[in-house]
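Here's the structure, in structure tokens; my notes come after.
Number of protein chains: 2
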Amino acid sequence: MEAPQYIGKEEVPSTLLRPGIDDPDSMRGKFEHMIRGVQTQVVAAIEEVDGCTFRQDAWTRPSGGGGITRVLQEGNVWEKAGVAVSVVYGTMPAESYRVAVGKDVPFEKDDRVPFFAAGVSSVMHPWNPHCPTMHFNYRYFETEEWKGIPGQWWFGGGTDITPSYIDEEDMRHFHGTYKAVCDRHDPTWYDKMKTNCDDYFQIPHRGETRGMGGIFFDDLNDRDQDAIFAFSSDCAANIVESYVPIVKKHKNDPYSARQKEWQQVRRGRYVEFNLVYDRGTIFGLKTGGRIESILMSMPLTASWRYDYQPEAQSTEAKFLDAVKNAHKQRWV
Amino acid sequence: MEAPQYIGKEEVPSTLLRPGIDDPDSMRGKFEHMIRGVQTQVVAAIEEVDGCTFRQDAWTRPSGGGGITRVLQEGNVWEKAGVAVSVVYGTMPAESYRVAVGKDVPFEKDDRVPFFAAGVSSVMHPWNPHCPTMHFNYRYFETEEWKGIPGQWWFGGGTDITPSYIDEEDMRHFHGTYKAVCDRHDPTWYDKMKTNCDDYFQIPHRGETRGMGGIFFDDLNDRDQDAIFAFSSDCAANIVESYVPIVKKHKNDPYSARQKEWQQVRRGRYVEFNLVYDRGTIFGLKTGGRIESILMSMPLTASWRYDYQPEAQSTEAKFLDAVKNAHKQRWV
Chain E
505 MEAPQYIGKE EVPSTLLRPG IDDPDSMRGK FEHMIRGVQT QVVAAIEEVD
555 GCTFRQDAWT RPSGGGGITR VLQEGNVWEK AGVAVSVVYG TMPAESYRVA
605 VGKDVPFEKD DRVPFFAAGV SSVMHPWNPH CPTMHFNYRY FETEEWKGIP
655 GQWWFGGGTD ITPSYIDEED MRHFHGTYKA VCDRHDPTWY DKMKTNCDDY
705 FQIPHRGETR GMGGIFFDDL NDRDQDAIFA FSSDCAANIV ESYVPIVKKH
755 KNDPYSARQK EWQQVRRGRY VEFNLVYDRG TIFGLKTGGR IESILMSMPL
805 TASWRYDYQP EAQSTEAKFL DAVKNAHKQR WV
Chain L
505 MEAPQYIGKE EVPSTLLRPG IDDPDSMRGK FEHMIRGVQT QVVAAIEEVD
555 GCTFRQDAWT RPSGGGGITR VLQEGNVWEK AGVAVSVVYG TMPAESYRVA
605 VGKDVPFEKD DRVPFFAAGV SSVMHPWNPH CPTMHFNYRY FETEEWKGIP
655 GQWWFGGGTD ITPSYIDEED MRHFHGTYKA VCDRHDPTWY DKMKTNCDDY
705 FQIPHRGETR GMGGIFFDDL NDRDQDAIFA FSSDCAANIV ESYVPIVKKH
755 KNDPYSARQK EWQQVRRGRY VEFNLVYDRG TIFGLKTGGR IESILMSMPL
805 TASWRYDYQP EAQSTEAKFL DAVKNAHKQR WV
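Taken in sequence, the protein lines are chains E and L. Everything in the first sequence is counted per our numbering, starting at 505 for the first residue and increasing by one. Everything in the second sequence is counted per our numbering, starting at 505 for the first residue and increasing by one.
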């Protein structure tokens, strides 16, 4: 893959697709338009609450694709918040392709299949230990026609929340927002995608989840493409509503040194998950992605205290019990 | 493997070997005696400089083996310092064994080969950004006789240093101490082991080493067992001399907010290396080791700043240049 060309911080191209090659009315075009809109909407909502502005870095690659990373650091409410979109044209090993499509297509050892991937991803870490960290990612993946097999496509994504303390009303609001979104598209989805989320964000060496979950879906292509696109768009359109009211409610809550310390320990768990288990992070680190965009998800600060044990019956102990039993939590 | 039995913080067994089974005069016995002594010696030297004391956690397993972890947290000089010894009786897959011994020994699919492993490991993170972090690990590995092949053995280890700023005199002292140790045993070793160390502590996604290196050796069994044991013991006996004078020299150095920030960014790199690449850490996390002993190596605090770029010509920029070119640094 050629080196990315950095472009002006304030000038961003109207499309990261290949002009004159990719049809703007195709799913590629529609998906890029959706995620660019999500980036703009989420950044505007966070800036309004925070009072500080995001910086912007954008780059393109000569043969197509690129990214726009927007980051707010040391704001008034968030210590670090990032929202990144990217469009990638690449090739994958034929073996991985065969597994993905589930067809016994013959191939030569070094065959590679061209793919397109576009996505928006974000992590927001507030200063106040009573305000949760939030993460989302919505992505679309497509292979080109290859050896007579037509192009394949998949959607993936999810939004999940990582508080340091449990406020049941907040959790009902966050999960309730996404249950309502899911229910508009398929009444079986919320339960499945909540379980997927609790499975995905496990930190096996701790016997804990990273946070309090949300929804997570991957490799979704079991129905009409436009129907899944509508679902993905609806999920993305509800990010602000699911999260920002919770931050507004708590951003001025008083907190103790012990509560800040606990938040920092939980930030350490966030780092452990992302660096040891998160597929997207590890894939990015090991395949030469833009490091600063990949590690935008890291908190500004984190802490590892030896053998940190919350006091019995404390709010910290209750939180630990909840992340050890995420699958049992039914918020809505 | 059975659950470990935690034992009193102040009572530690005189041996972690299997009493009545393992001969105290065998290499197992000699190595355990050596690493226990190193733990005592290093802890005493650090306590003397710091003024605070290490806590102690010890455990044993009913069928043999155990560990003693000693940690000082939020001391006067060190934010976190840990020294752990462990003795493990386990079994490894026959396939891994065959690769390790390099012999085409026939085996059944689920065959496992009994092994013994003992080691001491340590990381020390000082508060002052002018005092380096230091890490060491010395280990001995032995397989039992299996399918007529006699027991095999290997030594591994090393000591390496991770400052946030380069003080050439310090680096000459640290590397010079280990060059002198190596030269006493084999004049070709320092160069080889310095290169091994720079290779091992690479963070490929950053194009940097974790720190300023030292020596590193693995699978060493190319000469008489007692000769390698003498080398390993000599390395371990020089930990305090290689490191403590550097900390004494700098522990009261004044530092700015920018220097502390830079140290925190470098701590983030330390975490990235340990969680993404360090074989011992990943092996421990994924095989159910005692998490608190494995992650004792994490700093108390770390930071990830988006796209942090030191000013040109600054001392931070010089450090970054050094970790991008570790192989070229010849300190002695």
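No residue lacks a Cβ here, since even glycine has one placed at the ideal position from N, Cα and C.
{"Query": "Residue burial classification, E820/E (beta-carbon count within 10 angstroms, cutoff 16)", "Result": "buried"}
{"Query": "Alpha-carbon to alpha-carbon, E648/E and P654/E", "Result": "7 Å"}
{"Query": "DSSP three-state assignment for W658/L, whether helix, strand or coil", "Result": "strand"}
{"Query": "8 Å CB neighbourhood of N725/E in its chain, flanking five on each side removed", "Result": "Q656, W657, W658, F659, I732"}
{"Query": "Host beta strand (DSSP E) of W582/E (start-end)", "Result": "582-597"}
{"Query": "Straight-line gap, H677/E to P758/E (C-alpha atoms, nearest Å)", "Result": "22 Å"}
{"Query": "T805/E, DSSP secondary structure in three states", "Result": "strand"}
{"Query": "Beta strand (DSSP E) runs contained entirely in the stretch 625-680 of chain E, provided each spans 3 or more residues", "Result": "637-647, 657-666"}
{"Query": "Interface residues of chain L facing L779/E [CB-CB closer than 8 Å]", "Result": "V775, E776, L779, V780"}
{"Query": "Beta-carbon gap between I539/E and V592/E smaller than 8 Å", "Result": "no"}
{"Query": "W808/L to R710/L span [Cα, whole Å]", "Result": "13 Å"}
{"Query": "Residues of its chain near W563/L, where Cβ-Cβ distance is below 7 Å and the 5 sequence neighbours each way are ignored", "Result": "P508, Q509, Y510, I511, G570, G571"}
{"Query": "Cβ of E493/L within 8 Å of any chain E Cβ", "Result": "Not covered by the structure: residue 493/L. The range shown for chain L is 505 to 836."}
{"Query": "Test: Q577/E CB closer than 8 Å to a CB of chain L", "Result": "yes"}
{"Query": "Below-8 Å beta-carbon distance, S626/L vs any chain E residue", "Result": "no"}
{"Query": "Short CB-CB distance (under 8 Å) between A806/L and chain E", "Result": "yes"}
{"Query": "Proximity below 8 Å, CB of S746/L to CB of T692/L", "Result": "no"}
{"Query": "CB contact flag (E583/E, T805/E, <8 Å)", "Result": "yes"}
{"Query": "Within 8 Å, strictly: CB atoms of R688/L and F777/L", "Result": "no"}
{"Query": "Candidates S736/E, P749/E, Q729/E, V516/E: closest to E673/E by CA position", "Result": "P749/E"}
{"Query": "Residue ranges of each beta strand (DSSP E) within the stretch 694-778 of chain L, 3 or longer", "Result": "718-724"}
{"Query": "Short-range partners of chain L found in the stretch 708-728 of chain E, where Cβ spacing is below 7 Å", "Result": "H709, R710"}
{"Query": "Three-state class that DSSP yields for Q577/E in the structure shown", "Result": "strand"}
{"Query": "Beta carbon proximity, G594/L to chain E, threshold 8 Å", "Result": "no"}
{"Query": "Amino acids of chain L, ordered along the chain, whose beta-carbon sits closer than 7 Å to that of P803/E", "Result": "W808"}
{"Query": "The stretch 622-629 of chain E in contact with the stretch 603-612 of chain E per 3-pair CB rule at 8 Å", "Result": "no"}
{"Query": "Cβ-Cβ distance between M675/E and M628/E below 8 Å", "Result": "no"}
{"Query": "K828/L to M802/L span [Cα, whole Å]", "Result": "22 Å"}
{"Query": "D702/L classed as buried or exposed, judged by whether at least 16 other C-beta atoms fall within 10 angstroms", "Result": "buried"}
{"Query": "Any C-beta of chain L under 8 Å from that of M638/E", "Result": "no"}
{"Query": "Near the ligand HEM: A740/L beta-carbon under 7 Å from a heavy atom", "Result": "This structure lacks the ligand HEM, and indeed carries no ligand of any kind."}
{"Query": "As assigned by DSSP and simplified to three states, the class of Q817/E", "Result": "coil"}
{"Query": "Proximity winner among Y810/E, V516/E, R727/E, G594/E, relative to G793/E (alpha-carbon distances)", "Result": "G594/E"}
{"Query": "Against chain L: residues of the stretch 666-687 of chain E by CB proximity under 9 Å", "Result": "none"}
{"Query": "Cut-off 7 Å between Cβ atoms - residues of its own chain near G533/E, not counting five sequence neighbours on either side", "Result": "L521, D526, D527"}
{"Query": "Nearest-angstrom Cβ-Cβ length linking W766/L and P667/L, presumed shorter than 8 Å", "Result": "Not a contact, Cβ separation roughly 11 Å."}
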